[in-house]
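J.:
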Amino acid sequence: MGLGRYTATATTYTVAVYYPEASCEGTPYNVFVLENATCVDETCADGYISGTVSTHCVSDYQGDIWTAFGNSSYILMEVFNDTECSTFAYGQGFPASGTCEETPDMMYYAIRARVEADGSATVETFNDVKCTSGDLYSADYIDQQTFESHSCSSSENASVQWYFNEGENATPSPDTPTMYAVTALYLETNCEGTPYYVAAVENADCMVEACTTESPSGMHSTHCTQDYKTDMWNTFASASYLLGVGYNDSDCSMFVSAEGIPVTDGCVETPAYSAPSISAQVENDGSALVQMFGDANCSSYAVTGIINIDQKALESHSCSPGATNTSSFHWYFTQGEHSGSGSSNDTVNAGVKTRTFVSILTGAVVTMLVILGV
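Count along the sequence shown from 1, add 633, and you get the number used in my numbering.
Here is the structure:
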């Protein structure tokens, strides 16, 4: 197929943390994030004008920003190169002190960011170091609903999401790194080879499970991670797979679950899934087709559900509507090291199956199938 559209290799971000102090200590006055596959860590370097800057190379930039601000409150702005908050451009974190903060290495001279009592927020930048109102450089006013829901706010060619963390004494906010339980299902008794199904759900109380017997057959393992996409990529290893990330709203902001299935030219038995077998393939035009069947052989007369994913949705990962006006998806495809082909009865890497997952994933699986209209 040759469609290496979404390389699920963990995305690497450069997180530049700017400090007013010479020792890279205290609260940073700005944290700036960019995607950078060739990122190089830099411990504590001199700033361009004054102060110091540390550069971190991470896959979880929200967690790194949270660590950088320590006990201090901060506002995080994520900017996207589209109107659907799907193509990441950059991120910036600002101390939410409500006071004037000098910013020697920024395009502006000072910033003042504060969260109001009503839950709204204001971020202002200035062309002088005293935050004089007559020298206002830019201003963002974020209403309470946008700020608390982290909904996608769009303009003509871009969009933004906002977050707030109150610091040490606050109730943990959504910017605190989210923990996910990632469960992989296997036919093999040693949890080796390609899984037939991998699902991620938010679970703050996640517990790691090694290779455990699954019902009605096969095995499963559960990982606890803050980066479920990277964990799935590692789990599928050299195999190609589709990843669907489902949301309980129309703008891809309220995460429900993420589910990965192997892409093959054959039939995949799925004893623990909601269908006895499934097939998933990516076409030459860049679209994808997923079919569920009522028997174990992917018989054409036994089709119980079809998911068509168009080329644009799969390539751009844009927010795609679900079957209802309160559901939506992001879709991804990862081309493995070899795509392989086989007969309709082939399994993947020594057997790939699925089942009706009845432990932590039952709700997630059912939700996704309902959203898709299957």
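Virtual Cβ for every residue (Gly too), placed ideally from N, Cα, C.
Computed from a predicted model, the values in this text were never measured in an experiment.
Can you give me the Cβ contacts of residue 979 inside the same chain, cut-off strictly under 6 Å, excluding the 5 residues immediately before and after it?
T.: At residue 979 the pLDDT is 30, less than 50, meaning the model places this residue with poor confidence and gives no usable figure here.
J.: For residue 710, name the three-state secondary structure that DSSP assigns.
T.: Strand at residue 710.
J.: Spell out a yes or no on whether the region 656-674 and the region 727-747 are touching, meaning 3 or more CB-CB pairs, one atom from each, closer than 8 Å.
T.: Yes, the region 656-674 touches the region 727-747.
J.: Between the alpha carbons of residue 940 and residue 762, how many angstroms are there, rounded?
T.: Between residue 940 and residue 762, the C-alpha separation is close to 56 Å.
J.: Could you give the first and the last residue of the continuous beta strand (DSSP E) run that contains residue 876?
T.: Start and end: 874-880.
J.: Is it true that the region 942-953 meets the region 838-854, where meeting means three or more beta-carbon pairs spaced less than 8 Å apart?
T.: Flag = no, the region 942-953 and the region 838-854 do not touch.
J.: Report all residues from its chain with a CB closer than 7 Å to the CB of residue 701; omit the five preceding and five following residues, and keep chain order.
T.: Result list for residue 701: 650, 661, 664, in chain order.
J.: 8 Å is my cut-off, CB to CB: does residue 941 come that close to chain C?
T.: Absence of chain C from the displayed structure is noted, only one protein chain being present.
J.: At what residues does the beta strand (DSSP E) containing residue 646 begin and finish?
T.: 646-652 is the extent of the beta strand (DSSP E) around residue 646.
J.: Decide yes or no for the touch test of the region 866-874 against the region 824-833: beta carbon pairs closer than 8 Å, at least 3 of them.
T.: Counting Cβ pairs under 8 Å, three or more are found: they touch.
J.: On the DSSP letters alone, give me the boundaries of the alpha helix (DSSP H) that residue 778 sits inside.
T.: Per DSSP, residue 778 belongs to the alpha helix (DSSP H) from 777-782.
J.: Tell whether a beta-carbon distance below 8 Å holds between residue 773 and residue 753.
T.: For residue 773 and residue 753, no; Cβs fall outside 8 Å.
J.: If distances are taken between C-alpha atoms only, which option among 723, 654, 961 comes closest to residue 648?
T.: Of the candidates 723, 654, 961, the one whose C-alpha sits nearest the C-alpha of residue 648 is 723.
J.: Pull up the distance between the alpha-carbon of residue 689 and that of residue 766, whole angstroms please.
T.: Looking at the two C-alpha atoms, the distance is approximately 34 Å.
J.: Could you tell me which uninterrupted beta strand (DSSP E) segments, each at least 3 residues in length, are contained entirely in the region 688-776, listed from first to last along the chain?
T.: Within the region 688-776, the complete beta strand (DSSP E) runs of at least 3 residues are 707-713, 721-728, 743-748, 754-759, 769-775.
J.: From residue 895 to residue 875, what distance separates their C-alpha atoms?
T.: Answer to the nearest angstrom: the Cα atoms are 6 Å apart.
J.: Tell me which same chain residues have a C-beta within less than 6 Å of the C-beta of residue 953, skipping the five on either side of it?
T.: Answer for residue 953: 946, 962, listed in chain order.
J.: Kindly indicate which residue of 779, 771, 937 has the alpha-carbon position closest to the one of residue 796.
T.: Nearest option by C-alpha distance: 779.
J.: Measuring alpha carbon to alpha carbon, tell me which residue in 785, 684, 844 is nearest residue 825.
T.: That would be 844, whose Cα lies nearest to the Cα of residue 825.
J.: What's the gap between the Cα of residue 706 and the Cα of residue 799?
T.: Answer to the nearest angstrom: the Cα atoms are 4 Å apart.
J.: By a C-beta neighbour count over all protein chains shown, 10 Å radius and 16 as the cutoff for buried, is residue 838 buried or exposed?
T.: It is exposed - the Cβ of residue 838 has fewer than 16 other Cβ atoms within 10 Å.
J.: Which term fits residue 748, buried or exposed, when burial requires 16 or more other beta carbons within 10 angstroms of its beta carbon?
T.: Buried: at least 16 other Cβ atoms inside 10 Å.
J.: In angstroms with no decimal places, state the Cα-to-Cα distance between residue 811 and residue 934.
T.: Taking the straight line from one Cα to the other gives about 42 Å.
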